[in-house]
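For reference, the structure discussed in these notes is given below.
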Amino acid sequence: MKAHASSEAHMIAMRATAHGKPELSMLSNRIQNDAIMTMGTYVRKTILNETRAAKIYSFLMDETTDISHTEQASMCVRYVHDDEIKKLFIEVCDVESTTDEELETLTLAFLDRHLEIEDMRGQEYDGAANMSGAYRGLQSGILMRNEKALMSTAMLTA
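Mapping to UniProt numbering: the sequence shown position 9 is 9, numbers consecutive.
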């Protein structure tokens, strides 16, 4: 059975390349997307492992609306690895709204999945009140859980 399958596969491959133009493609959209997702997962795991090893980190978030008018939040971390400051993107997610409660829920869920909130030493957000408010807002919600996670206005392009 195996020899027959191998022989048949060989014949298909020979026919595909006989005219100089392969008829088969191993780069279908699905295969490409699977490869991209696999690489993205590997990169994300590497960044998060480095962040955990650094023991302390800053959390950065920015929210925006994409071209289809979907609200999204991008999450990044800043940490030191091998005496080098790293500031790296982790993920982007759709959000139902950009209220302080929604962003806090999103952030806490992200941290529960990936990092220890107790190790956070910095928060960086844009200047919007829903993120940066002193008494309400995402940063004050995080500060109630970790008083060492100090806030600074985001320099997300730096």
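The beta-carbon is built from N, C-alpha and C at its ideal position, and this holds for glycine as well. The structure displayed is predicted, hence computed values, not measured ones.
Q. When the Cα atoms are used, what is the spatial distance from residue 52 to residue 67?
A. Residue 52 sits at position 52 when you count from the first residue of the sequence shown. Residue 67 sits at position 67 when you count from the first residue of the sequence shown. Roughly 34 Å between the two C-alpha positions.
(Q) According to DSSP, simplified to helix, strand and coil, what is residue 115? (A) Numbered from 1 along the sequence shown, position 115 holds the residue referred to as residue 115. Note: residue 115 maps to coil in three-state DSSP.
Q.
What residue range does the alpha helix (DSSP H) around residue 138 cover?
A. Residue mapping note: residue 138 aligns to position 138 of the sequence shown, counting from 1. First-last of the alpha helix (DSSP H) with residue 138: 138-145.
Q. Do the region 36-45 and the region 53-63 touch if we need at least three Cβ pairs shorter than 8 Å?
A. Verdict: no, contact absent.
Q: Confirm, please, whether the CB-CB distance from residue 95 to residue 75 is below 9 Å.
A: What you label residue 75 is simply residue 75 of the sequence shown in a count that begins at 1. What you label residue 95 is simply residue 95 of the sequence shown in a count that begins at 1. Taking 9 Å as the Cβ cut-off, residue 75 and residue 95 do not qualify as a contacting pair.
Q: Could you please give me the residues that DSSP links to residue 126 through a beta bridge?
A: Counting from one through the sequence shown, the residue named residue 126 turns up at place 126. Residue 126 pairs with nothing; no bridge assigned.
Q: Identify the continuous alpha helix (DSSP H) that holds residue 36 and give its terminal residues.
A: Walking along the sequence shown from the start, residue 36 turns up at place 36. For residue 36, the uninterrupted alpha helix (DSSP H) run begins and ends at 29-54, by DSSP.
Q.
Rounded to whole angstroms, what is the Cα-Cα separation between residue 65 and residue 98?
A. Here residue 65 corresponds to residue number 65 of the sequence shown, with the count starting at 1. Here residue 98 corresponds to residue number 98 of the sequence shown, with the count starting at 1. The C-alpha of residue 65 lies about 10 Å from the C-alpha of residue 98.
Q) In whole angstroms, what separates the C-alpha of residue 117 from that of residue 89? A) Against the sequence shown, residue 117 aligns to sequence position 117. Against the sequence shown, residue 89 aligns to sequence position 89. Their Cα atoms are separated by approximately 18 Å.
Q | Whether residue 123 touches residue 103 by CB criterion (9 Å) | A | Walking along the sequence shown from the start, residue 123 turns up at place 123. Walking along the sequence shown from the start, residue 103 turns up at place 103. Not in contact: residue 123 and residue 103 (Cβ atoms no closer than 9 Å).
Q: Assign residue 137 to buried or exposed, taking buried as 16 or more other Cβ atoms, counted over all protein chains shown, within 10 Å of its Cβ.
A: Numbered from 1 along the sequence shown, position 137 holds the residue referred to as residue 137. So residue 137 ends up on the buried side.
Q.
Is the separation between the beta-carbon of residue 81 and that of residue 109 shorter than 9 Å?
A. In the sequence shown, the residue the question calls residue 81 occupies position 81. In the sequence shown, the residue the question calls residue 109 occupies position 109. Here residue 81 is not near residue 109, since their CB atoms are 9 Å or more apart.
Q | Local Cβ density within 10 Å of residue 120, reported as buried at 16 or more and exposed below that | A | Indexing the sequence shown from 1 puts residue 120 at position 120. By the Cβ-count criterion, residue 120 is buried, with 16 or more other Cβ atoms from all chains shown falling within 10 Å of its own Cβ.
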